[in-house]
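Protein sequence lines, in the order shown, are assigned to chains G and F. Just so you know, we're using our numbering here: the first sequence kicks off at 1 and counts up by one. Just so you know, we're using our numbering here: the second sequence kicks off at 1001 and counts up by one.
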Amino acid sequence: MSTQDGRFVRLLSIPAAAAERLSAYAVDDAVSYFDPDGLLVPGERSPRGHATVRNAASARPAIHPQLGRADDGIEHVRFGPDGRRSEAAGPPSPGAIDLLAVHSGDVLAALGERLASGERSTGADAATYLFVPELSIEADTTALSADLPHAADVAAIADELPEPVVVLAGGQPAGYHHVWRLAGRDAKASVEVAVVGLGGGGPDGGEDRLAGVACTARGAAAAETVPPDSFGLRALEGVGPAIADRLGSLGCRTRGDVRNTAVSELAALEGLGREGAERLHAHAEVIASGEPLVLTNETPVRTRSGRPPLCLDVETDGLSPTIIWQFGVYDPAADAYRAFTERSTPTDPAGVLGEFIEWLLGTHADRTLLTWNGSGFDYPQIERFLRRHYPEYVDAWRDLWTYDLYQWAVRDGNALLPGRTNRLDDVARALGYERAASGLSGAQTAAAYRRFMRRPTDPAAEPDWERHEAYCRDDCEALYRVYDAIETADRRDVTDSGAGGAAGRQSGLTEF
Amino acid sequence: MDDTRPPDGRTLVERFPRRGLTTDSGRVSTVTVPPREAATVPADGTLPPALAEPYPHELYTHQAAALSALSEGKNVCVSTSTASGKTHVYALRIARHLLESGVIAPDGSRTGDPSAGSTALCVYPMKALTKDQHEALEALYDALGLDVRVRVYDGDTPRASRREIRESADVVLTNFQALHVYLEHHDRWSRFYSAVDLIAIDESHTYTGVQGMHVAWILRRLRRVIEYWGGDPEYVLTSATIGNPAAHSAELLGEPVTVVDDDGSPRGPRDVVLWNPPPTEGPTDESVPDEPTTDPESASDSEEGVTDRVPASVEAPRVFGHLTARDVETLLFCPSRKLTELSVRRAAEHVRSEPHAYDAGTPPLEPYHAGLGKRTRHAREQAFKTGDVTGLATTSALELGIDIGSLEAAVLMGYPGQRQSFRQRIGRAGRGTERSLAVMIADHRTLDQYVVSNPEYLLETSVEDAVVDVSNDAVFARHLLCAADEIAIGTDDLDAFADADRLERAIEMWRRAGRLEGHPESAVHYVGPRRPQSRISVYGTDETEFRLELSDGVDRARWGLPEDVDLEPVGRNRAYRDYHEGAVRLHDGQQFEVVSVDETRRRPTIELAPVDVDYYTRTRSDVTVMDAESERHRTINGFELHFGRGTVLVHHHAYDRVSIDDSDPEEAAIPTGTPPISMDTQLCWVEVPEGIESALVRKYREYGVETGVDPDDPQPPHLGYVAGLHAAEHATIQTAPLELRVDKGDLGGLATLALDTHYAHRELEPLSETTDDSLAAAEHALRRRGRELDTTPSSGWFVYDGVEGGLGFARAIYDSFEALAERARDQLRDCECGRPNGCPACTFDENCGNDNRPLLRAAAIDTLDALLGERTPGSFDPERSASDSDSDSDSDSGDDRRPVVFYS
């Protein structure tokens, strides 16, 4: 990946409905977490939501097109090659990424005309992004069809502009990504336009999410999504809207305020109690320090041989897998990594599974396996495939000692972690683990393998195996880092701790 | 006078105290059903010795035939009478599998061999039946000395025992709603599914309409999951007698099924008494607000004919009291829970009021319904079995096979709507081959009166067809999401789960909408919000279902309401029509008022509060049909019949409060505040040939107020004719349940003088795209289209499925139109109301959007006669020949184009 191609603008989307609910501090927190170049407020017109986001944006653009000032309903923001906002009125500088925000889909036709007439211009050597705040795609199930609203206007714009055009759809859930093939001006030719969701609940009435969208110069947009309650006081375990309000009445508006408040004062809050207050206080400290904290006397993993656990990660072709095509195992004891990858016959899930299980049982049966959320996905999927293809190994597999660090830390409440979400990626990053930049996500990995499954003999569809193995290895090593951090973390059982001192600060981590 | 037990029909009629009413042989008729001998074969001819020896009976011939067909590798539907041993067919087959696979040793003990495996899944329509069948299966296996693990697994199964059941049960009993949810975690069931040899679908005839569609797709999803785990089951369906067991079973399963319907079980002689209560002389204080269809003019009009009768809810308890006072063990079937309670009181009152007739005093009677709680129900079942209780007044809860021992007589409060259900209910009476008695007390409604006038209808060998339809794409598309979530969709699913083209279109739609990813050649995965199964409503065809809830703070004790008020969710059309704010609805005999409708929640909710008011509400609706496109058509005696699809726009815009006492509107046209609904759905429609139309327009051109319209309203020359079409439309919908297992509440109709304005026209824009779901805009557009078209308009009527995507009812009506038309015509002709515009027993439809006007019976009868080939245009109008009438048919209206008028 060249530097030129790797260039991107980072936009943070905060759906209007979420922005209305969030406190100013939570929005600030989100902005500092994502550190975006610009902010978008998709969804229905919301002066309040816009004001909250605009205040947090400081010098960055904060676009809620329905409240834009332009007479023609079009806002134009240009980001120079350095990612900084640049003058949109003049001719584009080389490598500029343009963001065109329209008041509504109805304005797209007029935008197309202005682009065609040269009234507006965009940088031809980097992608242009169209932000349509309320665009959503509904399925007409009776007709078995789904159409892109304003498809003809979008196609006309894409036809007109030489660079890739990407639509940022405010009403589609974050994570939505579909390349639409639209009829172009010339009836014979079609034009491809990627549509990317910005985190609105979508027509299914899903939940709004905040999305950090990396918009590249080549027109690829990948979103990292985070639930709105991951920010501000709500980021603290056990803090819902009611507790957040009560904390406000104590004068606690930030996590820093919580750290500076005595546990005894927090414990007096209705619905919190002593134990809750201690967890809350400790979690504020954990997020601030980036150091995990173990809350119980439990150990995350028992090992048989005194050697650390094998860190396992698998890759599949989707959430209802037809194949587990990669098994990655990192052995911290030997600092060795082993990958089992199906590179030739994607229709045969038995081959790679057999290699993996025979290797594992043959050489490492005495080791403990560790995963991140393995009991939610990896372990049952491995067992499911074993049942179908190697029923004779099912019992031996079940006899292995398997652990799920996510379950232990988060679900079972044994530890507080510094990430904003409990995704492995996020936790590892908060612990200071720098990932090798493979630029992949789990969904992209699965999609890449599905392309290979469709055309296994087409070299163009063949995944970059090394890159995928590197990604999987990275996950395994990140898991070990988290494990290691937990093993060496401060440890204390909040249930039998003493009281916080009179001077609030004493009730922090220093006490354990 | 002989004292046969139970009394035969004649004795019952003669001995029943009449209180001043004369014995009216015209009102009561008795049909005698002859006995049937048992036809059996020795068990060892069919069963292996390990089963034949301990089995305590011979096999009925139909059981043997079904078991043999299963041995030949066929799926079987056993469609025989109540209590004919259908359960034993699959129970014995399961036992055979368990023995042959080595799970059970020949001595009946478990082998403990871990490699042996054979399981079976039995699905029942309701939990109460599951429990009952659980006991029946355990009893049979005990009798056979087999240690079979039969377990119920449904929403009531404790969490703690679930895993053990999944991992060790031989036979799992459940229901479809539960199965639909459990399919997501099929890997937990891998042992069970990989070994499954038999799937039993009990009471399969109950799966029709909306629920039938969902069951058909759940079964298709189940099959994918079982194939995935390597199971290869045979299917056994047990069904009451229906008209089309083979077609219905095949549609449900998606594979062919062998039907076994030659009933070898014995039956004693049975008298079926059809009892029409006496006419009322006017409004009575006895009338019960259960079926508030009394006509406003019934009191004054009764000189002419019978426009109303004593309600079945009053008459049936008297017969129930009469029989039980004579110590005849009797079930009274009531349409609601409340009526079971009321009936017990009324029966006792009747007995007390006739001390001379009943010297033994009031009999021990109890109500029975699902709202009573398990313990009470069980106690009453036992008391009835032991004879401590002589009579149970029950809802349909006892219609299906719950064991309450044997009884002698069944009384039906009103016709249950289907012959199948009728037979099921009367079939509950009768001990082995002993004599039994069944009495049906008719209500003053179309179906009841049809049955009373045509007793032979009940004895015809053919029964209603069960309608199930998998062509609804909206339902298919939602189950596809579940299927993809369960196991990724691949090329194996093309033409297996659904037709390849249909499947690919649906996948592409969901890919675009962001709910699926990938292509069948690799794998299609579900990527939407978690648990798509939870987003399907089995009560509707789209995702929107309205929950019905009791309002906060309702004093249940004061109203005698049980903890769980059994309120099934409703789809959008029914919600808007029947549950707008201010609507008063009856549930189990209790009035409820809708106090709020909240559509902003993810699951829209309707809040109800019990009330006691002297009115009911009637909704007024505007309906129109647009862009109807014919997919199939055929000619019946010059009438063109079509099946197709189109857009139905319905606006339930206002409602009336109508007095229960005299049916007078107390307050009219109160706005509902609900928006119009647009549905793309399935339609059936009929075009009347021009010659018939013009003859009938002339014949009825003088008709005006007779059709029920106000004297001040305009009375154009077409009025009489179009009132006939409107009445024919109502009658075909009202009598549809005589031929088909359809729910009238899901059907609607529209009679029109200008069918072509409602059609799709290739060169013209679809009207539904320009009208923005506004009725006014649609009517305007239809009139404009009427002016634009140069086609010759024809008249006729539409029948549509009132749910998004349709549910196959209109298509079933298309397929059986002649039979339906004949039933409708007979009922219109034979009704005794003597009124030109008819009555609730012939032309009226409680869901009529136009307040049941204009209607004209005679014109409807003529139209249907012509359709049935029994009349020609000339016969309506002897003065003129058919060819004359063709040439000047349009000049009658004095206009180039007839008016675009239509009535729903």
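For glycine and all other residues, C-beta sits at the position ideal for the given N, C-alpha and C.
- Note that the C-beta distance between GLY175 of chain G and PRO15 of chain G is not below 7 Å.
- Within chain F, ARG1512, ALA1513, GLY1514 have C-beta atoms less than 9 Å from the C-beta of ILE137 of chain G, given in sequence order.
- Legend: CB atoms of the segment 1469-1488 of chain F lying less than 9 Å from CB atoms of chain G belong to residues ASN1472, ASP1473, ALA1474, VAL1475, PHE1476, ALA1477, ARG1478, ALA1484, ASP1485, GLU1486, ILE1487, ALA1488.
- In this structure, DSSP gives MET1626 of chain F an extended state, which the three-state scheme calls strand.
- Identification of residues in the segment 1605-1636 of chain F having a C-beta nearer than 8 Å to some C-beta of chain G yields an empty set.
- Counted as a single uninterrupted DSSP element, the beta strand (DSSP E) harbouring ASP1801 of chain F occupies residues 1795-1801.
- Note: GLN326 of chain G is bridge-paired with G:GLU315, G:THR341 in the DSSP secondary-structure output.
- By the rule that beta-carbons nearer than 7 Å mark a contact, SER375 of chain G does not touch chain F.
- Residue pairing by DSSP places VAL1688 of chain F opposite F:SER1795 in a beta bridge.
- When CB distances to chain F are screened at a threshold of 9 Å, not a single residue of the segment 223-238 of chain G falls below it.
- Within its own chain, the residues whose Cβ lies closer than 7 Å to the Cβ of ALA267 of chain G, once the five positions on either side in sequence are excluded, are GLY273, ARG274, ALA277, listed in chain order.
- Within 9 Å of the CB of ASP1772 of chain F, no CB atom of chain G is found; the nearest one sits about 15 Å away.
- Inside the segment 1483-1559 of chain F, DSSP marks whole beta strand (DSSP E) runs of 3 or more residues at positions 1547-1550, from first to last along the chain.
- About 6 Å separates the beta carbon of GLY112 of chain G from that of GLU160 of chain G, a gap short enough to meet the 8 Å contact definition.
- PRO463 of chain G has its alpha-carbon roughly 32 Å from the corresponding atom of PRO94 of chain G.
- Sequence-distant partners of VAL329 of chain G (beyond 5 residues in either direction) whose C-beta falls short of 6 Å from its own C-beta, in its chain, are LEU310, LEU312, ARG338.
- With contacts defined as CB atoms closer than 7 Å, PHE1192 of chain F and VAL1467 of chain F fail to qualify as a contacting pair.
- Assignment of TRP372 of chain G by DSSP, reduced to helix, strand and coil, places it in the coil class.
- Segment contact: the segment 1712-1725 of chain F against the segment 1754-1761 of chain F, fewer than three CB-CB distances shorter than 8 Å; contact not assigned.
- Interface annotation, ARG1163 of chain F: not in contact with chain G, CB-CB separation never under 7 Å.
- Distance from the CA atom of TRP372 of chain G to the CA atom of HIS283 of chain G, rounded to whole angstroms, is 21 Å.
- C-alpha of PRO332 of chain G to C-alpha of ALA443 of chain G: approximately 27 Å in a straight line.
- Shown in chain order are the members of the segment 1178-1203 of chain F whose Cβ falls below 7 Å from a Cβ of chain G: ASP1187, SER1190.
- Nearest CB-CB separation between THR142 of chain G and chain F: below the 7 Å threshold.
- Within the same chain, Cβ atoms closer than 6 Å to the Cβ of LEU1173 of chain F are found at CYS1122, THR1130, HIS1134, VAL1152, the five residues on either side in sequence being excluded.
- Out of F:SER1239, F:ALA1240, F:ILE1199, F:THR1238, the CA that lies nearest to the CA of ARG1220 of chain F is found in F:ILE1199.
- Here VAL1076 of chain F really is in contact with LEU1070 of chain F; their C-beta atoms are around 6 Å apart, less than 8 Å.
- The Cβ of ASP1501 of chain F sits no closer than 7 Å to any Cβ of chain G.
- With a cut-off of 8 Å on Cβ pairs, the segment 1221-1229 of chain F is not in contact with the segment 1035-1048 of chain F, counting fewer than three such pairs.
- Against chain F, the CB of PRO380 of chain G has a partner CB under 7 Å away; the residue lies at that interface.
- Relative to the Cα of ILE1201 of chain F, the nearest Cα in the group F:ILE1692, F:LEU1237, F:ALA1216, F:GLY1373 belongs to F:LEU1237.
- Within chain F, the C-beta atoms nearer than 7 Å to that of THR322 of chain G come from ALA1488, GLY1490, ALA1523, in chain order.
- Exclusion of the five residues before and after ALA17 of chain G leaves GLY43, ASP208 as the residues of its chain whose Cβ lies within less than 6 Å of its Cβ.
- Cβ-Cβ separation between LEU1459 of chain F and TYR1526 of chain F: approximately 51 Å, too far for a contact (criterion under 8 Å).
- The segment 1810-1823 of chain F makes no contact with the segment 152-166 of chain G, as fewer than three CB pairs between them are under 8 Å.
- The beta-carbon distance between ALA1824 of chain F and ALA1731 of chain F, rounded to whole angstroms, is 4 Å. This is short enough to meet the 8 Å contact definition.
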